[in-house]
Amino acid sequence: MARSHHRHKKHHHPQYRQSMASSKAKRKGGTWVFIIFFAVFGLGIGYFAAGTIAAIIIGVAVGGVIGFLIGHNLDRMANRK
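Following numbering that gives the first Met the number 0, the numbering of the sequence shown begins with 0 at its first residue and continues without gaps.
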């Protein structure tokens, strides 16, 4: 009598595991994302608050610094685990 194809012995293939070096390289870009996001946010605040070139430049600079600090801290927390 023929056997069902469900009763065949299943062969398990070894799973592919990513190395830790490649996963750390992928998480490095988080700081730049926050710098750009907060710099654009600061640009909008500087433009709508005063509308002068000096206010826009100060808003971009302060937003970029805040974005760097937040992104850097998040990258450090992600690397701890």
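Every residue gets a Cβ at the ideal spot worked out from N, C-alpha and C, and that includes glycine.
None of the values given here were measured: they were computed from a predicted structure.
Using C-beta distances below 6 Å, list every residue in its chain close to residue i, excluding the 5 sequence neighbours before and after it, in chain order.
| i | result |
| --- | --- |
| F37 | G62, I65 and G66 |
| Y46 | I55 |
Going by the CB atoms, is the gap between residue j and residue i shorter than 9 Å?
| i | j | result |
| --- | --- | --- |
| G41 | A53 | no |
What does the Cβ neighbour count give for residue i, buried or exposed, with the cut at 16 atoms within 10 Å?
| i | result |
| --- | --- |
| T30 | buried |
| G28 | exposed |
| F33 | buried |
| G127 | Absent from the model: residue 127. The displayed extent of the chain is 0 to 80, so no value can be given. |
| I56 | exposed |
Between which residues of its own chain and residue i is the CB-CB distance below 7 Å, once the five residues before and five after are set aside?
| i | result |
| --- | --- |
| L73 | G29 |
| H10 | none |
Between residue i and the rest of its own chain, which residues show a CB-CB distance below 8 Å, the 5 nearest in sequence each way excluded?
| i | result |
| --- | --- |
| A48 | A54 and G58 |
| R75 | none |
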